[in-house]
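S.K.: Protein chains in written order, with the numbering used here: chain A, 5 to 294; chain B, 43 to 803; chain C, 173 to 331. Ideal Cβ positions, reconstructed from N, Cα and C, are used throughout, including at glycine.
1) With C-beta atoms as the reference, is residue 362(C) less than 8 Å away from residue 234(C)?
2) Taking its Cβ as the centre, do 16 or more other Cβ atoms sit within 10 Å of residue 627(B), making it buried, or is it exposed?
3) In this structure, how does DSSP classify residue 285(C) when only helix, strand and coil are distinguished?
4) Quick check on DSSP: helix, strand or coil for residue 275(C)?
5) Leaving out five residues on either side along the sequence, give the residues of the same chain with a beta carbon under 6 Å from the beta carbon of residue 549(B).
6) With a threshold of 16 other CB atoms inside 10 Å of the CB of residue 229(B), please say whether the residue is buried or exposed.
7) Among the candidates 268(C), 269(C), 259(C), whose CA atom is the shortest distance from the CA of residue 289(C)?
8) If you scan the region 386-445 of chain B from start to end, which runs of the alpha helix (DSSP H) of 4 or more residues do you find wholly inside it?
9) Which chain A residues sit within Cβ distance under 7 Å of residue 667(B)?
10) With H, G and I counted as helix, E and B as strand and the rest as coil, what does DSSP make of residue 568(B)?
11) Using beta carbons (cut-off 8 Å, strictly below), is residue 324(C) in contact with chain B?
12) Would you call residue 788(B) buried or exposed, if buried means 16 or more other Cβ atoms sit within 10 Å of its Cβ?
13) Report the three-state DSSP secondary structure of residue 331(B) (helix, strand or coil).
14) Could you check how far apart the C-beta atoms of residue 244(B) and residue 306(B) are, in whole angstroms? I think they sit under 8 Å.
15) Would you kindly work out how many angstroms separate the C-alpha atoms of residue 271(C) and residue 572(B), rounded to a whole number?
16) So the alpha helix (DSSP H) residue 372(B) belongs to, where does it begin and stop?
17) Let me check understanding here. Comparing Cα to Cα, which of 127(B), 482(B), 53(B) lies closest to residue 453(B)?
18) Hey, how far is the Cα of residue 414(B) from the Cα of residue 633(B)?
19) Alpha carbon to alpha carbon, what distance is there between residue 146(B) and residue 165(B)?
20) Using beta carbons (cut-off 8 Å, strictly below), is residue 264(A) in contact with chain B?
21) Looking at residue 388(B) and residue 807(B), is the spacing between their C-beta atoms short of 8 Å?
22) Taking 8 Å as the threshold (beta carbon to beta carbon), is residue 795(B) in contact with chain A?
23) Is the Cβ-Cβ distance between residue 255(B) and residue 239(B) less than 8 Å?
24) Which value, in whole angstroms, describes the spacing of the CA atoms of residue 158(A) and residue 174(C)?
25) Mind checking if residue 723(B) is an interface residue toward chain C, Cβ cutoff 8 Å exclusive?
26) Give the secondary structure of residue 200(B) by DSSP, where H, G and I count as helix, E and B as strand, and everything else as coil.
27) On the DSSP bridge list, what partners appear for residue 245(B)?
28) Let me check one thing: in DSSP terms, what residues is residue 600(B) bridge-paired to?
29) From residue 433(B) to residue 128(B), what distance separates their C-alpha atoms?
30) Counting only Cβ-Cβ distances shorter than 9 Å, please list the residues of the region 772-787 of chain B near chain A, keeping chain order.
31) Suppose the cutoff is 6 Å on Cβ atoms and the five residues either side in sequence are ignored; what does the same chain contact list for residue 303(B) look like?
32) Give the secondary structure of residue 350(B) by DSSP, where H, G and I count as helix, E and B as strand, and everything else as coil.
33) Give me the residue from 219(A), 92(A), 130(A), 101(A) with the minimum Cα distance to residue 177(A).
34) Just to make sure I have the definition right: I need the residues of chain E whose C-beta is within less than 7 Å of the C-beta of residue 286(B). Which are they?
35) Tell me which same chain residues have a C-beta within less than 6 Å of the C-beta of residue 265(A), skipping the five on either side of it?
36) With H, G and I counted as helix, E and B as strand and the rest as coil, what does DSSP make of residue 738(B)?
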């Protein structure tokens, strides 16, 4: 049973930030798809619940060629999945969303809520980091923008402090010759990944690797960058042997935790396989890209 | 074989409960509310094995809104079980007096004015336990030094079962090749969409009405009466719509018992609904089994002998486990002729969730071992798995020595059809394979361990003046569509239309006793009862028709499509409704009423009839991650004469999804007796994207014992799938999967071992 | 804790209820308004039996605070039929035998109807994904997929 709470329904972002600043024992609900489960289990029992689901200023998808993509934190997963511009410019985001839980969850749950919840098994984190995304959050006295890569601190913990609301995800316009892929390993397609890997590759005009990002999901307390493998690829002409080598590094440099769904050994192994495969997929996309 | 053309049977008819179900009108026990009702919750043991030293409910009772707290001491303390005939197998006090034997076992129950208060009250009940050493696996629990779970039960052996025919040792001597393997089959949760639920209402006249999510209203009535000290006739059980059963809902459960006990003390309605977690940890489960299988075969593929030993994890109580123990051993021989066969099954108590019957009733486990081993033997000897199965398979007229007589059998045709299907698929890509598996299943058990004094199935049919028909049956619709099947049989027999039939079921006050929905019994047994009742009523009607029509008595009369007519001259006749009106008048206004029943006699040890099938599973393995993709399932199936066309397809597809789940997804891992995945996030059931096409080839046979030639369909289809998937993986990757479920990790391990073995060679 | 007023539409009728803010949408629908067609099958937002449509989009009503639906339009299984005429997806479910025990059916129908309203020539895989959030233990889903497919192919018309 959910414990009782005072329900706060701000009419605007400004009011939301003010209310949050005012109430100490306060949690934020947007879609609540993760929060309500833990509240029902009695694990989270706030005195106040601040509902930002209907704060219109936080719900938008904007794209400009120069600036890139900006998604308001209260935008639902389903809106992202259905966005023509995102499908065109960032197909990996749509593909990721299509496998995120169920349509019902995507209809009500929001991107900001997902990121702020900071579950290392969450799907958007690794993909957005692979896309070099940054996040803007703020409180009643100001705003901060950090690379998403630096946003996650620990299991279910981010750089945001009490009073901070996630405001916007910003994804830069992809460079030329860029590719990005994401896959999770699970038994049922829409489940959280037992493990997951996102990879992005940018190629130089001569076909060598200009930059690469490898981000592992559910492989540690936060979405995990495998910088050692990224560095390995930089400047090289990419091939299967390099992807396999990067996969090997990924399987070594991760910190997965065993549970009933897979042992640590199996998780490491599959992370290596997924890393290899996603790098290859991203590379092939990059080759085809303008 | 082609049979009489039917007007209703095997035609496309809607489920008669369909409109209620697609409009939200169907009311389940979960939905029942009554004025003044209270909400019950159950306190459960956190320990796998512990003495209950004291229970203090003072604080809980002080909570405003709490009406009662009951423990074992507030009950008659009767040890109950569904094997009512055998006292030693009645081993479960739903609220135990002295000790708990598994995590999740009820220890107390609360009723309060709201669910929330009842739940809060649970936290205020103080139970003083003395924790006892516990044991979780049958091969540990059977050891001499293992803790005793039930006093006086040596080595924790709950039941044993020996099956033997032929001279087994001699038959092994004749074998050219003998293979032996060990297998481990996992448990599985029934995972009915409607969790266990009951609403009990005891009134000052001494009568109890209980709405229950049950597979057998009659069993629930009998069991409740027994533990409450009431006469069966004073207990009315209503099972309006039931949200699934699958073998898990015909014993007495804590929702029924606790709600009834509290209602009897309070004279108020009390409702108990299990949470999903409770349903996982404290209902029952498919029986986990360890199988040792030794099989002897001649070079030419003739089966000689089989010897098996099986140790099942019985969990804390007997439940339906004793039947599963027998049936597993019996169907382990299926569907083949063995010169010598020996099975020794040991059901061992452990400090875990009790195991019981679940769709397939011990056979899916048995087939996982048997049908894989047969394929491996074929590979060892270079034999064709289709040919070997054809050569040794049951045939019409075969007698399983001392056990069963096979009156109808389409196994050979099933094998032929699947062989054609597999061959038509041609060469498959790497890492992909097709596996086959054949099996059979019963059409209702002939055993009466419940000690029912009533016939196994009964039906009463009453015809109203407008020709509409009231059909009262005791068989229970739990979603499998038995009400529709019974209506089809009634409409066909009486010669009326589906919309003329109203089926009354799921109410012990108005429906005749029937053992209910388990062991694939209702189509055959209740179907025969319905057919008999309708024939009885029809005969009475036709007697008036002879007089009314003034025809020569040597002519045959019949009714089809509401037209009463001379069989030889169908145009000569009268409308059925006119006949009914006249018959009523002639009978001094008494309604036409027919009665029918079915009780099996001289049908061997198991069942009056057996279905047969062969299934093929087309599956692919990702060799790097071990992940399985199921591409297609195809089943050739002999269920005699199909009755309910849509229902049959639904049963087949449903069985495939449940059995595939058992094969590669569903598991009930435990740590120190604690279920590690008691929720639908961690317990994996197949969802729509994983479900492959599952086609069906119906093999036409006629079962003389079944109504219109019908026999089992739906439960047996759970049996072949795990083995067929195992064989598909064997054919694709060359690895032998001896443990369920077949997980990616187990596949990778097997692939590694295979590689190591090859390297050693 | 004080109750708050929630005004919203359910199956085209206006309702005003006074609820604790913690009340879930499914609780208001079933327990306050008595629309028991909507079911509950888990505590973990996994099974989809409680699926209803909010402003035309399917949601699991056990994962939504009712108070968040202020001013919105909720449709439950009881709202699919119009004056005793079944909707296309309901008729298709009947024809295809897309239910057995029926406990998942209301939620399944709501997922399907929301999908059908927006789907254009969906593939079979898309149809399967449309009910991915709904567990059915009886049918194996294929009959449900066939029923949805038939409606998206225009085989059933609104009466």
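M.R.: Concretely, from the data shown:
1) Nothing about residue 362(C) can be read from this structure; chain C reaches only from 173 to 331.
2) exposed
3) helix
4) coil
5) 280
6) buried
7) 259(C)
8) 405-423, 427-434
9) 189, 274, 277
10) helix
11) no
12) buried
13) strand
14) 4 Å
15) 24 Å
16) 363-373
17) 482(B)
18) 57 Å
19) 15 Å
20) yes
21) Look at the range of chain B in this structure, 43 to 803, and you will see that residue 807(B) is not part of it.
22) no
23) yes
24) 36 Å
25) yes
26) strand
27) 249(B)
28) 607(B)
29) 41 Å
30) 785, 786, 787
31) 112, 117
32) strand
33) 92(A)
34) Considering every chain present, this structure includes no chain E. Its protein chains are A, B and C.
35) 198
36) strand
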